[in-house]
Each structure stands twice: as structure tokens, then as C-alpha cells.
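Under the working numbering, the residues of the sequence shown are numbered 462 to 786, in order.
Reviewing the structure listed below.
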Amino acid sequence: MSTVLILGATGSVGANITRTLAQRGWNIRALHRNPEAAAEQFQDLPAIDWRRGDMHQPGDATAAAQGCDVIVNATNPPGYRHWREIGLPMHREAIAAAKATGATLVFPANVYNYAPDSGENITETAPQQPVTDKGRVRVDMEQMLRQAADEGVQVILLRAGDFFGPGAGSSVLNFLIKPNQRIRKMAYLGPMNVRHSYAYLPDLAETFARLIERRDQLPRYADFQFAGQVMTGAELAQQVRQVSGEPAMKAGGFPWWLVHLVAPFNLTFKGLLEMRYLWDQPITLDNSKLVAELGEEPRTPMPNALTETLTAMHCLPGDEQTATA
């Protein structure tokens, strides 16, 4: 039975990959500074082999990776803060672990690498010309992965848009819709007629799992794009109205003026403001290469995905935690 080391297992993407691989019979190992606290998030998966360690401590990831076939690097700095200072060193440690053990290294990528005018149906070979520091950090990360592949590490990279799903407390829907109350309005981050790409986390995790299990058939550097659910703000609002049973839900602009006021004093809001361009113009991904490899892209119908997500956010009628006022 194969063993995978999950780095960042308690994050939204890492947790979904952990659960999906566990359901498929993988031995799961995970690195965390506080394994006892982390294990509370996975009480239904008691077989996880938790290893105490810190991605900021050189060698901890390598020690945890001994005997593993695959390493998933789903680490991320909290919020939008200190990507270059925190994210890059953790990334180096993940690469070092893969080099030392011969494990396949798996990396969730995003669209920050692309310029605002990159357009729709971006392919894997499209130019990466980021306009933000976060985008430049992500480009640096991918260049490090390509170098690692040149040095013998097998790399699987899957790029996706904004994620959402159950248990994703930092997902895009938490910016658009207030949790723990009935949905009266949706504050959309861009023009309502601009198409945007959304990645439902269980579908994304299933895609990672299928690619990982085909790793022997993949090239040394295997990069793919996950198209996800693509829709305009108006289409998303209509879907939310139907799922929530709130036909009178209002959909309007996000209070960017407030973000401007707070950004000088809050790094998370400063980062959100920096990435606003992703909502002003369509940036979507071409999944042709992925479909050619897997035969399909796993995709839950949007009403089902929204129902699961909004239920987890306690926003649907009948939820005992839903506010009635």
C-alpha cells in the first residue's frame, strides 16, 4: 500500500486531498507542529500517522517523508501575509524532502501567475507575467519545481481557480456571503457580467488523487489545468438564489472602499486589494490536457456543490445554527 506525506493537511486544499486519498486506501502521514490539535480535525480518520515537526525547521519535512511514495505540498502562509518570507522557505523544504526520498512531489498551483489581460482558456504553455508580488512568488515556486524535475524529482502540478467547498473557511464564498445566517445578499467582488473560475474542493481533490495514482505514466514534470465551474457573477447569484430558496436575494458590489480604508493596517486586506484584478477581467483555464490524461475532469453539478458548501456555512433554511432575524 502506498504512503503519502501531506504537508499542510489542516488547510482547505490539504484536508480535502487527505480525505480523498484516505478513502482510496492510501496510508496517510502528516507533518504538523501540534499533531494532537491537528488530529481533532480528522477524528473520522484515526489511522493518520501524525509526525511532529515544523516546515520552518530544516530537515523536519525530510525526516517525515522517509518511506513515502508521494509528498503533497499544500502549505500556505495564513491569509495573504508574508508569502515570500514564509511560503518560499516551506517550498524549499518540500523540494528537499522529495529529493532526499525520491518521492513524487505534488503541488496545487493558482492563477496568480497570469497578467490581468491573459484572457480565457489559458493553457499550460501560456506566458506567466504576474503583476503582483504574490504572483511573482508563485512563478518563483514553479521555476523551483521545474529545476527540481531537471534534477530528478517527479513533479505533478495542478492549477485551479478560486476554491470553495465544505470546511473551506478561507474560500471565496466566505467573502461573498456571510456565514451563519440566511442569505439576504451577495457582495460580488467584480462586475456581474465577468466570467470567473471556481474549483469545488472535493472535485479538485479527486483530480489530484487520479493524477497521483497515474504518476508512473506521467512525465517527470506533469502540469495540468483544472477548469472547474466557470460562470459570471450574475449566474452565480442565480444559482445561490435557487439553492438557498431566497429568490429575493440581492447581488451587488463588494465594499472595496472599506478594503481601501483598512488595507494600510491589515496585510490580509492589502493582499485582497492587490488581487482585485482577478475579478475585473475573465481569467479561466483550459483543461484539454487534463481531460486527455484522465478522460474527464471530475465535476459535481453546481447546485449540489453549492448546497454542500452553504450547508457547511450554516446559511440554508432549517439549519439549527442559521440566524432567523
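Backbone N, C-alpha and C define an ideal beta-carbon position, used for all residues, glycine too.
Just so you know, these numbers come straight off a predicted model, no measurement behind them.
Report yes if the C-beta distance between F624 and V465 is below 8 Å; otherwise report no.
For F624 and V465, no; Cβs fall outside 8 Å.
Are the CB atoms of M774 and A712 within a distance shorter than 8 Å?
No, the pair does not count as a contact, with Cβ atoms beyond the cut-off.
Measure the CB-CB distance between A526 and A558 and report whether it falls below 8 Å.
Closer than 8 Å, so yes.
Inspect the CB distances between the segment 702-716 and the segment 567-580 and report whether three or more fall short of 8 Å.
By the criterion of at least three beta-carbon pairs nearer than 8 Å, the segment 702-716 is not in contact with the segment 567-580.
May I ask which residues mark the beginning and end of the alpha helix (DSSP H) holding Q703?
Per DSSP, Q703 belongs to the alpha helix (DSSP H) from 694-705.
Would the segment 635-650 and the segment 666-674 be scored as touching if the rule is three or more Cβ pairs under 8 Å?
No, the segment 635-650 does not touch the segment 666-674.
Please report the Cβ distance between R542 and Q615, rounded to the nearest whole angstrom; I am assuming they are in contact, meaning their Cβ atoms lie under 8 Å.
The distance from the Cβ of R542 to that of Q615 is about 31 Å, inconsistent with a contact at the 8 Å cut-off.
Can you have a look at N495 and say buried or exposed, based on whether 16 or more other CB atoms are within 10 angstroms of its CB?
Exposed, by the Cβ-count rule.
Does the distance from the CB of M653 to the CB of A695 come in under 8 Å?
In contact: M653 and A695 (Cβ atoms closer than 8 Å).
With 16 other Cβ atoms within 10 Å as the buried cut-off, status of F685
Answer is buried; the Cβ neighbour count reaches 16.
CA-CA distance, P577 and T761?
If I take the Cα positions, the gap works out to 28 Å.
Taking 7 Å as the cut-off, is the C-beta of G469 nearer than that to any heavy atom in the ligand NAD?
Within the structure as shown, the ligand NAD is missing, as the structure has no ligands at all.
If you measure between the beta carbons of L767 and V704, is that distance less than 8 Å?
Between L767 and V704, the gap from beta carbon to beta carbon is short of 8 Å.
Mind checking who V531 pairs with in its DSSP beta bridge?
In DSSP, V531 forms a bridge with V465, T565.
Do the segment 601-616 and the segment 722-741 make contact, defined as three or more Cβ pairs closer than 8 Å?
Using a C-beta cut-off of 8 Å, the segment 601-616 makes no contact with the segment 722-741, since fewer than three inter-stretch Cβ pairs fall below that distance.
Between the C-alpha atoms of D747 and H517, what's the straight-line distance to the nearest angstrom?
A direct Cα-to-Cα measurement between D747 and H517 gives close to 35 Å.
By the 10 Å Cβ neighbour count, where 16 or more other Cβ atoms means buried, how is F726 classified, buried or exposed?
Residue environment: F726 is assigned as exposed (fewer than 16 neighbouring CB atoms within 10 Å of its CB, all protein chains considered).
Is it right to say E758 is buried, meaning 16 or more other beta carbons lie within 10 angstroms of its own, or is it exposed?
E758 should be labelled buried.
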